[in-house]
Amino acid sequence: MKKKLSLLSVLLLLTGCWDQNVLNKTKLITAGGFDYTKDGKIITTASVPEANAMESGKDSIENQIYTATGTTVRQSRFKLDREVSERLDISKNQIIILGEDAAKEDIYQLLDVFYRDPKSALNAKIAVAKGKASDVISKKFEETKKAAGLGEYLRDSILSAEESSAVPRENIQTVCPVMFDPGQDFALPYLEALKRTIHIRGVALFRGQKMVGEIKEPLSVTYTMLTGKKHEIAMNTTKKIYKNKKPARLNYVTIKVKKNKRSFLVDVTPEGKISAKIKLKTKVTITEYPSDNLSTPTEVRNIEKQLSKKLTKDAQTVIDKLQAMNSDPFGVGRQVMAFHYPVWERLNWEEEYPKIDFTASVDVEVIGHGIIE
Amino acid sequence: MNSHTITHRQLFFLVIQTQIGVGVLSLPYTLFSKAKIDGWISLFMAGIFIQFSVLAIWKLCDRFPKQTIYEILPKIMGKKLGYVFNAIYTIHFSFISILILIMYNSIVGKWILFETPHWVIIFIMAAVGYYVITSSPREIVRFFVLVTPLLIILFILILYAYTDVHLLYLFPVGHTGILTIIKSSADAVVALLGFDAALVFLAYSNASAARNIKVISFASFCITILYGFIVFTTYIFFNPKEIIIVPEPVLYMLKAFSFSIIERTDLIFLSVWIISVATSFVCYLFIAAKGVQTLFGLKEHQKGAPYIAIFCAVIAIIPDDKLEVMTWNKYITMTSVFLSAVFPIVLLVIAVLRKKQEKGAATS
């Protein structure tokens, strides 16, 4: 009996009661966004899903949107907290949206609070919005009206874009090491709010902690391939490989990348001239070819040749764009730092990078074409 | 008497469990603060250095079979000086226990229990420590063996980091210079402390001397490899510029991962890690209690156990801000490196010079 009593008291006492976080007294933010006001204050927009039990027994989710302004992120969140009845909690946050103007300033200043708080969700997605973040964190989207919370909707849209390689896979934590790296930059998904849906525009490129430009959607697939991404479930892209067939759709072929192998060579000559070359060996299957005739090996070889040419051209366009905006997401600088440290120490990388000789080539091999010839 | 002996396998797990403790979470950070990206080299050097200490401890205990450090000291240095050194060692081991409590408290308070008063966190651990050391050495070591499989969980969790690593962060290798690397290996020795438990527990081992040294040395080697793996992983996960602002890189790394069932991997890691901390704490508390037993001439170490546990808990409550914790950490680790790693070698030299040896021990 004595033993049982002591066991019972252990069960009751060991749990403690200081650190309880009662769910019905908190409001869980699932999406948060940041913009700047004209005088440099921070506007925080947050979405909190609220489940309503309906008479029919089905639940419906209503997304409540709150905004507040403050000098820092924390201060604006305190103000938000005062606007709502219960305590706001960010531990289940799904996504952070940075307004375009906010992304063009130092984004670490906005994200510091997420890195510092032990309860924050570091695996939340992070994306840039065309225009204002508050345009994206809104109630207007079709899918969020009935069932989905806004945070889940935005996150899933990005996840599906990641699966098709339109944007690279990143979250709050994965961008952090790169953000601090002087020899490498990163890119984030770039969203745009249309009337009733969200649209993935492509990727927003960063230099250091600031956004410097964008690469739009079909080309952003080439960008992701150049980062060395090996495989995604739906790494698809449609390419124009002929010029003058009629109707126009006959000029196109759609491929799905099965395997993507990157070799990345960074070379420094004794005089200190830096050159970089990315070579991709890509194995693809053809998922659409309206001209319909793939029975002969010569035709397949021809398509391979045309695709290699087209993709090489695209890759070069991506690289030229990156050099023009002085963003180094492939980490050429990191390679120089790692293997040619004395050269790196002499250099001013920000001045040097746009001038280096940076080329790409893509070698396509068709390994399949669906269940018809 | 029979329940007071342990086998060589148990000795292996004892050393392993004592070595893995509070240090593991912040080790990459401490190493990085001096040796930069070459911190992992310092660690492996420290691993080699401690093998000398391990050898010295074993040789020393081998000269006096079945005796703990507290019985050996008076025999080497004479009764009075021996008593003084016994007191120093008792205080030293209690302060290691206190340091474990302080570090455990500061990490738990920072990562999980924000609102819980610190004395509660400390007293829970102290109570566990007291409860375990009231049993015989064999029972304590059995508990250590029992919880060892949990280390596999820690290992697997860390393995997951390899989904997002940047190998290039390690380069250029050896950039910080060999001198800095050697200097900062002193910090690594601190994290590897735990082999000093052999000073007391070798007395209980019923295995042959040759087996004992193999076991302790191999345990230290295993932990060096494991720590090396952890440090290496965090160095390729975080950017060199980022580690400086992340004092517990291992936890921070895990915090970013989530699985469909587990959202916060770091909390799972911490719960398992607390057991590893408890084993180190128990081991040092036991050694301190043994010291109290010798100093006051008690019949059993159990008599002194509650006092030493309460003493440690009360002292551990004193430092309450981060800077104070760092100061305590600095001084206690400095003395521990000296008393646990360097001084056994000195003791061995004295013993050899004064030809102190117990009859029955193998002559070397």
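The listed protein sequences correspond, in order, to chains A and B. Under my numbering, the first residue of the first sequence carries the number 111, and numbering increases by one thereafter. Under my numbering, the first residue of the second sequence carries the number 81, and numbering increases by one thereafter. Note that beta-carbon positions come from the ideal geometry of N, C-alpha and C, so glycine has one too.
Using beta carbons (cut-off 8 angstroms, strictly below), is residue i in contact with chain A?
{"i": "F361 (chain B)", "result": "no"}
{"i": "S106 (chain B)", "result": "no"}
{"i": "S338 (chain B)", "result": "yes"}
{"i": "E380 (chain B)", "result": "no"}
{"i": "H88 (chain B)", "result": "no"}
{"i": "N185 (chain B)", "result": "no"}
{"i": "V352 (chain B)", "result": "no"}
{"i": "E322 (chain B)", "result": "yes"}
{"i": "A441 (chain B)", "result": "Here A441 (chain B) scores only 48 on pLDDT, less than 50, and its place in the model is too uncertain to base an answer on."}
{"i": "S215 (chain B)", "result": "no"}
{"i": "M81 (chain B)", "result": "The predicted position of M81 (chain B) is uncertain, since its pLDDT is 45 and thus under 50; a value taken from the coordinates is nonetheless stated next. Chain A contact via Cβ: absent."}
{"i": "F318 (chain B)", "result": "yes"}
{"i": "S444 (chain B)", "result": "Note that S444 (chain B) has pLDDT 40, beneath the 50 cutoff, so the model's placement of it is unreliable and no number is given."}
{"i": "K436 (chain B)", "result": "no"}
So with Cβ pairs under 8 angstroms, would you call residue i a contact of chain B?
{"i": "W459 (chain A)", "result": "no"}
{"i": "Y463 (chain A)", "result": "no"}
{"i": "F468 (chain A)", "result": "no"}
{"i": "P278 (chain A)", "result": "no"}
{"i": "V288 (chain A)", "result": "yes"}
{"i": "K112 (chain A)", "result": "no"}
Should residue i be labelled buried (16 or more other beta-carbon atoms within 10 Å of its own) or exposed?
{"i": "Y451 (chain A)", "result": "exposed"}
{"i": "M111 (chain A)", "result": "exposed"}
{"i": "K127 (chain A)", "result": "According to the sequence displayed, residue 127 (chain A) carries Cys and not Lys. Counting Cβ neighbours within 10 Å, C127 (chain A) comes out exposed, since fewer than 16 surround it."}
{"i": "K348 (chain A)", "result": "First, the amino acid is wrong: residue 348 (chain A) is Thr here, not Lys. Exposed, by the Cβ-count rule."}
{"i": "G480 (chain A)", "result": "exposed"}
{"i": "A297 (chain A)", "result": "buried"}
{"i": "F92 (chain B)", "result": "buried"}
{"i": "D129 (chain A)", "result": "exposed"}
{"i": "S444 (chain B)", "result": "Caution is warranted here: a pLDDT of 40 is assigned to S444 (chain B), below 50, making its placement in the model unreliable, and the coordinate value is therefore given only provisionally. Burial call: exposed."}
{"i": "A442 (chain B)", "result": "Residue confidence is low: A442 (chain B) scores 48 on pLDDT, short of 50, so the model does not pin down where it sits. No coordinate-derived value is stated."}
{"i": "F235 (chain B)", "result": "exposed"}
{"i": "P399 (chain B)", "result": "buried"}
{"i": "Q174 (chain A)", "result": "exposed"}
{"i": "E193 (chain A)", "result": "exposed"}
{"i": "F144 (chain A)", "result": "buried"}
{"i": "Y411 (chain B)", "result": "exposed"}
{"i": "A358 (chain A)", "result": "exposed"}
{"i": "L259 (chain B)", "result": "exposed"}
{"i": "I152 (chain A)", "result": "buried"}
{"i": "L282 (chain B)", "result": "buried"}
What does residue i touch in chain B if you count any residue whose Cβ is under 8 angstroms from its own?
{"i": "Q445 (chain A)", "result": "L248"}
Given that residue i touches chain A, what residues does it touch there, using C-beta distances under 9 angstroms?
{"i": "W451 (chain B)", "result": "The first residue shown for chain B is 81 and the last is 444, placing residue 451 (chain B) beyond what the model contains."}
{"i": "F194 (chain B)", "result": "W128, D129, P228, K229"}
Check the Cβ of residue i against every Cβ in chain A and list those closer than 7 angstroms, keeping chain order.
{"i": "D244 (chain B)", "result": "T284"}
Quick one: which chain B residues come within Cβ less than 7 angstroms of residue i?
{"i": "A448 (chain A)", "result": "L248, F251, P252"}
{"i": "V132 (chain A)", "result": "Here the premise fails: no neighbours, minimum Cβ distance about 13 angstroms."}
So which residues of chain B does residue i contact, with C-beta pairs closer than 9 angstroms?
{"i": "Y451 (chain A)", "result": "F251, P252, H255"}
Whose Cβ in chain A lies nearer than 8 angstroms to the Cβ of residue i?
{"i": "F349 (chain B)", "result": "In chain order: nothing, as chain A lies at least about 13 angstroms away."}
{"i": "L335 (chain B)", "result": "Here residue 335 (chain B) is Lys; the residue named in the question, Leu, does not match the sequence. In chain order: P228, L232, Q283."}
Taking any Cβ of chain A, which residues in the segment 106-122 of chain B have a Cβ under 8 angstroms from it, in chain order?
Under the 8 angstroms Cβ criterion, the segment 106-122 of chain B contributes no residue.
What are the residues in the segment 212-246 of chain A lying within 7 angstroms of chain B by C-beta distance?
So the list reads P228, L232, N233, given in the order they occur along the chain.
When you check each C-beta in the segment 291-322 of chain A against every C-beta of chain B, which residues fall closer than 7 angstroms?
Cβ contacts with chain B: D291.
Which parts of the segment 242-270 of chain A are runs of the alpha helix (DSSP H), unbroken and 4 residues or longer, counting only runs that do not cross its ends?
Runs of the alpha helix (DSSP H) inside the segment 242-270 of chain A: 243-246, 252-256.
Ordered list of beta strand (DSSP E) runs contained in the segment 381-407 of chain A, each at least 3 residues:
Counting only unbroken stretches of 3 or more residues, the beta strand (DSSP E) elements lying wholly within the segment 381-407 of chain A are 384-398, in sequence order.
Which residues, in order along the segment 196-212 of chain B, keep a beta-carbon less than 8 angstroms from a beta-carbon of chain A?
Residues of the segment 196-212 of chain B that bring their beta carbon within less than 8 angstroms of a beta carbon in chain A comprise T196, P197, V200, I204, in sequence order.
Uninterrupted alpha helix (DSSP H) stretches inside the segment 256-338 of chain A (no shorter than 4 residues)
The DSSP assignment places complete alpha helix (DSSP H) segments of no fewer than 4 residues inside the segment 256-338 of chain A at 260-273, 282-290, 327-336, in order along the chain.
Report the residue ranges of all alpha helix (DSSP H) runs contained in full by the segment 144-171 of chain B; include only those spanning at least 4 residues, in chain order.
If we require 4 residues or more, the alpha helix (DSSP H) runs fully inside the segment 144-171 of chain B come out as 149-157.
Would you list, in sequence order, the uninterrupted alpha helix (DSSP H) runs of no fewer than 4 residues that lie entirely inside the segment 201-233 of chain B?
Runs of the alpha helix (DSSP H) lying entirely within the segment 201-233 of chain B, each at least 4 residues long, are 217-227 in chain order.
At what residue ranges does the segment 343-382 of chain B contain a whole run of the alpha helix (DSSP H), taking only runs of 4 or more?
The segment 343-382 of chain B contains, as complete alpha helix (DSSP H) runs of 4+ residues, the segments 345-376 (chain order).
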